[in-house]
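Asks: Please find one structure pasted underneath; my questions will follow.
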Amino acid sequence: MKYIKLLSLVWIIVCLSYAESQEICDIPPLDPPVVERIQNRTYPSIALPGSSLVAENPLRWFPWDDLEVFYETYAKHDIAYYAFLYGLQSNIRPPKPNYGLATSLAGNLESATHMRQEFLQRNPNFIVIPEIRLHNHFSTEAFPSDSEFWLRNTDGQVHKHDVPWDEFSLNILNPKVQQLLIERVVGLAKCGLYDGVLFDAFYAYHVHQYEPHGIATEQEVIEVYRTILKGIRERVRDDFLILVNRNMNKTPRFAEWINGSFMETGRGDPGYTYAELIEIEDALLWNEKNLREPRINILQGYGVFESFDSPNNLRLMRIFTTMSLTHSDGYSIFRVPREIDGYIQHTHIWYQFWDAPLGRPIGEKGQLYDNREGVFIREFTNGWAVYNRSGKKQEIDLPENATGWQSGQRNITHVVDDLDGEIYLKSVVPAEDVNSDGIVNILDLVRVANGMGGVHPDVNGDGIVNILDLVRVANAF
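For what it's worth, the working numbering labels the leading residue of the sequence shown as -5, then goes sequentially.
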């Protein structure tokens, strides 16, 4: 979780305005509704984890010097999680505030609202889900030194997690801590700029911290989490999203309260095994079927210590992208390890594979191709996604001529290597289908209207979005 501590430069820039205008964020959810943003997006649908996105040569965190490039690249993603992103902070008070006690957000709401609009103009389906920490803080300044909110060792010292950086554990067995955590999330939900909350290191963290030391049993930890989730759900809006990090696990004990699992899959040495891929698929399908609607499952795969575009990393990226496409209506992300500031950080770039205009899903999830074990296919409005972990190369026949997005080959018959995936497009998507959902309608017109005066989406290619682009889309209805 090292990358959580790395704040993107945009966070620093926006936070400079905090001292100038500190307003408590207590506003209703802003349009468009989050359910529409989930339903209206096209695929592949890519997630943005915190400050993970980097620019190469040299490797550096966003934003680039050109804010337009920053907005455009960030907004290619459909959901951002971990970072608060809009520059709001815990509403802390002098003379010596402890930020962990804050239960509301404050900052420059005009600046935050403007930043949100910059993203939505480029991607009307953009969702932001910041993290609230249930398990620890990075500094003991979160609470007073004598606070009962900390988990303490037998010598009375605040318990520090055994990692190279600072992580100090909360005592979630304390009912006052449970209530504080509930109030934090309720305060976040009152700020309509944000769409939900992420709980990282969910549940299993506390079991592993508490049970071996006789602090609490697994069942006691489960009951604490149920209390917190139930307390949150009773006080937030129905479409407020709760995303939890459950890795490759299912979450039946908490399914009624949470909307999605952030499936941080991890990988061993030498890599993902067939058994692990099957386990991930099974958990993803379970999450898609059983968690609370609207669902926002995020599948995250990991690469190897090679260049972003090495054959191994490109293949792994395609595996997790197509697994997500064939097994879910969710989001995916693929990250590659890098050593930065003495730590191994997991970072990502925007892959060209994710630009494929696949549209929206038509077929069912988890369907085998021709009843072949380990070969999955799913139809979308503009093509098909195929994912192969069968143990051998597979030849597939599509219903019509289609072009492989990676291979560039147009045919009915295609070959997919083992432990790989591909996207096949039925035909070229017309420029008038701005959102690439397979049909030209009012949604495309809205996208053009929102971009008026800018350079995207420039339907007729004349360098500016204007009335001529609106007319062209309207004529294609």
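Every residue, glycine too, gets a C-beta built ideally from N, C-alpha and C.
Going by DSSP, what residue range makes up the alpha helix (DSSP H) through Ile226?
Replies: 212 to 227
Asks: Of all the beta strand (DSSP E) runs that stay within the bounds of the segment 307 to 355, which reach a length of 3 or more residues?
Replies: 325 to 334, 337 to 341
Asks: Compute the Euclidean distance between the alpha carbons of Glu282 and Tyr418, then round it to the nearest angstrom.
Replies: 24 Å
Asks: Specify the secondary structure class of Cys9 as computed by DSSP and reduced to three states.
Replies: Caution applies to Cys9, whose pLDDT of 41 falls short of 50 and renders its modelled position unreliable; the value that the coordinates give is listed next. Cys9: helix per DSSP, three-state reduction.
Asks: I'd like to check one pair, Tyr363 with Ser370: are the Cβ atoms closer than 8 Å?
Replies: At residue 370 the sequence reads Phe, which differs from the Ser that was named. Contact flag set, yes.
Asks: Are the C-beta atoms of Arg227 and some chain C residue less than 8 Å apart?
Replies: Absent here is chain C; the protein component of the structure consists of one chain.
Asks: Kindly indicate which three-state DSSP category Val473 falls into: helix, strand or coil?
Replies: There is no way to answer for residue 473, as the model of the chain reaches only from -5 to 471.
Asks: I'd like to confirm the pairing. Which residues does DSSP put opposite Gly377 in its beta bridges?
Replies: Phe374, Leu419
Asks: Would you identify the three-state DSSP class for Arg132, choosing helix, strand or coil?
Replies: The identity of residue 132 in the sequence shown is Phe, whereas the question assumes Arg. Looking at Phe132 - three-state DSSP - the assignment turns out to be coil, as it is neither helix nor strand.
Asks: Can you tell which of Ile176, Asp427, Asp140 has the C-alpha that lies nearest to the C-alpha of Ile126?
Replies: Comparing alpha carbon positions, the residue from Ile176, Asp427, Asp140 closest to Ile126 is Ile176.
Asks: May I ask you to verify whether the segment 318 to 330 touches the segment 292 to 308, counting CB pairs closer than 8 Å and requiring at least 3?
Replies: yes
Asks: Which of helix, strand or coil does DSSP assign to Ala443?
Replies: helix
Asks: Is it true that the CB of Gly432 sits closer than 8 Å to the CB of Gly324?
Replies: no
Asks: What's the C-alpha gap between Ala96 and Asn85?
Replies: 6 Å
Asks: Does Phe314 pass the burial test, meaning 16 or more other C-beta atoms within 10 Å, or should it be called exposed?
Replies: buried
Asks: Quick one, which of Ile40, Asn395, Asp160, Asn119 has its alpha-carbon nearest Ala350's?
Replies: Ile40
Asks: So Leu192 and Leu237 are supposed to be a Cβ contact under 8 Å. How far apart are they, rounded?
Replies: Leu192 to Leu237, Cβ: 5 Å. Contact.
Asks: Just verifying my parser: in three-state terms, what is the DSSP assignment at Pro393?
Replies: strand
Asks: Does the beta-carbon of Gln403 have 16 or more other beta-carbons within 10 angstroms, so that it is buried, or is it exposed?
Replies: Gln403 comes out exposed.
Asks: Give the DSSP bridge partners of Glu258, in chain order.
Replies: Gln294
Asks: Taking the alpha-carbon of Tyr76 as reference, which of Gly44, Gly101, Leu319 has the nearest alpha-carbon?
Replies: Checking every option, the nearest Cα to that of Tyr76 belongs to Gly44.
Asks: Assuming His408 is part of the beta strand (DSSP E), what are its boundary residues?
Replies: 404 to 410
Asks: Between the Cα of Val380 and the Cα atoms of Gly186, His321, Ile272, which residue gives the shortest distance?
Replies: His321
Asks: Please report the Cβ distance between Leu82 and Cys185, rounded to the nearest whole angstrom; I am assuming they are in contact, meaning their Cβ atoms lie under 8 Å.
Replies: With 8 Å as the limit, Leu82 and Cys185 qualify as a contact, their Cβ atoms being about 7 Å apart.
Asks: Can Phe113 and Ala69 be called in contact, C-beta distance under 8 Å?
Replies: Yes.
Asks: Looking only at its own chain, which residues have a Cβ that is under 8 Å from the Cβ of Glu367, when we skip the five neighbours before and after it?
Replies: Ser384
Asks: Quick check: what's the CA-CA separation for Ile356 versus Leu319?
Replies: Distance between Ile356 and Leu319, taken at the CA atoms: about 11 Å.
Asks: From Ile32 to Tyr199, what distance separates their C-alpha atoms?
Replies: Distance between the alpha carbons of Ile32 and Tyr199: 29 Å.
Asks: Secondary structure at Trp159, three-state DSSP: helix, strand or coil?
Replies: coil
Asks: To which residues of the same chain is Asp194 closer than 6 Å at the C-beta, ignoring the five residues directly before and after it?
Replies: Glu125, Asn239
Asks: Taking the alpha-carbon positions, what's the Tyr204 to Glu358 distance?
Replies: 41 Å
Asks: Cα-Cα, which of Pro38, Thr221, Glu217, Thr407 is closest to Gln173?
Replies: Nearest C-alpha to Gln173: Thr221.
Asks: So, helix, strand or coil for Pro169, using DSSP?
Replies: helix
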